[in-house]
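In what follows, a single structure is set out as structure tokens and then discussed.
Protein chains: 2
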Amino acid sequence: MSKCEQCIVREFSSLKALNKDELVKLAECKTSRLVKKGEVIFEEGENVNGIFCIKDGVCKLTKLSPNGKDHIVKLVTKGELLGQRSMISDEPVNLTAVALEDMQVCFVPKNEIMGFFDKNNQFSMNVMKTICGDLKESDSQMVNMAQKTVKERLAETLLYLQDTFGKNEDETLKIQLTRDELASMIGTATESCIRLLSDFNKSGLIEIKGKKIILKDIPKLKKMV
Amino acid sequence: MSKCEQCIVREFSSLKALNKDELVKLAECKTSRLVKKGEVIFEEGENVNGIFCIKDGVCKLTKLSPNGKDHIVKLVTKGELLGQRSMISDEPVNLTAVALEDMQVCFVPKNEIMGFFDKNNQFSMNVMKTICGDLKESDSQMVNMAQKTVKERLAETLLYLQDTFGKNEDETLKIQLTRDELASMIGTATESCIRLLSDFNKSGLIEIKGKKIILKDIPKLKKMV
DNA sequence: GGCAGAATATGATATATGTCATATAAATGA
DNA sequence: TCATTTATATGACATATATCATATTCTGCC
Chain A
1 MSKCEQCIVR
11 EFSSLKALNK
21 DELVKLAECK
31 TSRLVKKGEV
41 IFEEGENVNG
51 IFCIKDGVCK
61 LTKLSPNGKD
71 HIVKLVTKGE
81 LLGQRSMISD
91 EPVNLTAVAL
101 EDMQVCFVPK
111 NEIMGFFDKN
121 NQFSMNVMKT
131 ICGDLKESDS
141 QMVNMAQKTV
151 KERLAETLLY
161 LQDTFGKNED
171 ETLKIQLTRD
181 ELASMIGTAT
191 ESCIRLLSDF
201 NKSGLIEIKG
211 KKIILKDIPK
221 LKKMV
Chain B
1 MSKCEQCIVR
11 EFSSLKALNK
21 DELVKLAECK
31 TSRLVKKGEV
41 IFEEGENVNG
51 IFCIKDGVCK
61 LTKLSPNGKD
71 HIVKLVTKGE
81 LLGQRSMISD
91 EPVNLTAVAL
101 EDMQVCFVPK
111 NEIMGFFDKN
121 NQFSMNVMKT
131 ICGDLKESDS
141 QMVNMAQKTV
151 KERLAETLLY
161 LQDTFGKNED
171 ETLKIQLTRD
181 ELASMIGTAT
191 ESCIRLLSDF
201 NKSGLIEIKG
211 KKIILKDIPK
221 LKKMV
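Going down the list, the sequences are from chains A and B. Quick note, the first sequence lines up with residues 1 to 225 if you use UniProt numbering. Quick note, the second sequence lines up with residues 1 to 225 if you use UniProt numbering.
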């Protein structure tokens, strides 16, 4: 069992507030797990009873809409925690987590984390701030979905993907989403998404290399948003 | 200056976790204020530096979209707190608060509240849970905006308004929103909202009495959502 | 009481987006 | 390697929704 003390990604999450003793305790009770691309980490409605710490990889958090379509609410990556809201609310998770690439995740049971809450003020403040950031972001996304056109949302999402996950040496977006996933992030039909990507390609905003996408004219993309 | 100890609405918010001493301190540093219908309590981008406790009345929290339209993110009523996210994140508020009716609100400066955070675990847990509830709700709304039709959103919103704010003796919705506000809650054009209300009226789902609305067929409205 | 401005209502039309059909390309697995 | 499935692409069309124009009704106010 690897030590949490030496885990670098810990520095990027609320866990950075934990001291040596707490980290030792953490390492003792955590379990590690490899998650294959496409595998489900947890599903909407499930009782998770703890949080996941993402050591490597990216996953999507989706919510099933009554119309039967999944909507991607958020992408979560290395260094971030999963399941905090559910744990604090003491409710089942409201989102499904699915790996977009092979992942390494650690699971820490609820009672351990709740102990830190009581004793380590900085830790609970960090968690709070993270959740507050999520709330702000979610409110903003809600307004985007309600008020922006699909075209605007697509431009915005492409910029977000490059900003957050970067690009490969050949300039293509590092994170690899299917057209279907991209559509379910911006809240539109897959065909509409593909069509708009074609338009963007024709008008020189992006370049499509098979499934890969290169952002060619970032200033124009930004102006669209 | 009225005493917080005797304030009933306190029982409905995170503040219920405060003990007598804390309530006395609270009463000493709070300021009360009457807010007229239509008046702005705070505006997006402002530094509020504290929280508001709503003693009476209802307000809307809106966010300005780049297209120039306001979107109503949430309605907040008697007993609830305003500005918690901003205070914890230590950021300007991301939403604008405007009174929908005459209101009574109390303002408590940030440093006072932050003191309670450190010393009263139950209080900070309450605040956390509230924010977690807001996040869950916001994620759900985001998916609604992205995946549901305007008609479905209208039906859902009407049911929500009756559930949350109740009805008058003549069965009309207690909370009085303009068509414009209703439209900006469901994320559509005012004309579309009015048109759909007319449709709902014609098909017997609701009854329109001037500006007032009566829900006539709740089971059918529920089935639409 | 009557007038100005706002809110509500409705029609005509444009546009964005969804849906269905089908083709092609890519990935997967026996 | 080939066959089968899955992802991407595009056309044709239907539909939801926005926009613009114009009544009509309501409301506050002098």
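Yeah, the Cβ is synthetic: ideal placement off N, Cα and C, and Gly gets one too.
{"Check": "Are the region 108 to 127 of chain B and the region 158 to 166 of chain A in contact at 8 Å, needing three or more beta carbon pairs?", "Outcome": "no"}
{"Check": "If we call anything under 8 Å between Cβ atoms a contact, is Gly57 of chain B one with Lys78 of chain B?", "Outcome": "yes"}
{"Check": "So that I know if they touch, is there some Cβ in chain B lying closer than 8 Å to that of Asp180 of chain A?", "Outcome": "no"}
{"Check": "Against chain A, does Met103 of chain B count as a neighbour if the rule is that its beta carbon must be under 8 Å from one of theirs?", "Outcome": "no"}
{"Check": "Measure the alpha-carbon distance for Gly210 of chain B versus Asp170 of chain B and round it to whole angstroms.", "Outcome": "13 Å"}
{"Check": "Can a CB atom of chain A be found closer than 8 Å to the CB of Val150 of chain B?", "Outcome": "no"}
{"Check": "Closer than 8 Å is the cut-off here; do at least three beta carbon pairs connect the region 86 to 101 of chain A with the region 55 to 72 of chain B?", "Outcome": "no"}
{"Check": "Among all the DSSP beta bridges, which residues are the ones paired with Glu207 of chain A?", "Outcome": "A:Ile214"}
{"Check": "From B:Glu39, B:Pro66, B:Ile206, B:Phe117, pick the residue whose C-alpha is nearest to that of Met145 of chain A; which is it?", "Outcome": "B:Pro66"}
{"Check": "With contact counted as at least three CB pairs below 8 Å, one residue from each stretch, are the region 175 to 186 of chain B and the region 130 to 139 of chain B in contact?", "Outcome": "no"}
{"Check": "Less than 6 Å between C-beta atoms, sequence neighbours within five positions excluded: which residues of the same chain meet that for Ile213 of chain B?", "Outcome": "Leu173, Ile206"}
{"Check": "Given a cut-off of 8 Å on the beta-carbon distance, is the pair Met103 of chain A and Met128 of chain B in contact?", "Outcome": "no"}
{"Check": "Does any C-beta atom of chain B lie closer than 8 Å to the C-beta of Ile88 of chain A?", "Outcome": "yes"}
{"Check": "Using only CA atoms, which one of B:Glu80, B:Asp90, B:Leu100 lies nearest to residue 271 of chain B?", "Outcome": "Since the first residue of chain B shown is 1 and the last is 225, residue 271 of chain B is not available in this structure."}
{"Check": "Check the Cβ of Leu135 of chain A against every Cβ in chain B and list those closer than 8 Å, keeping chain order.", "Outcome": "Arg85, Ile131, Asp134, Leu135, Ser138"}
{"Check": "If you follow the beta strand (DSSP E) that Asp70 of chain B is part of, which residue opens it and which one closes it?", "Outcome": "70 to 77"}
{"Check": "Go to Ser32 of chain A, then tell me how far its beta strand (DSSP E) extends in each direction, as first and last residue.", "Outcome": "31 to 35"}
{"Check": "List the residues of chain A that Met145 of chain B touches, going by C-beta distances under 7 Å, in chain order.", "Outcome": "Met142, Met145, Ala146"}
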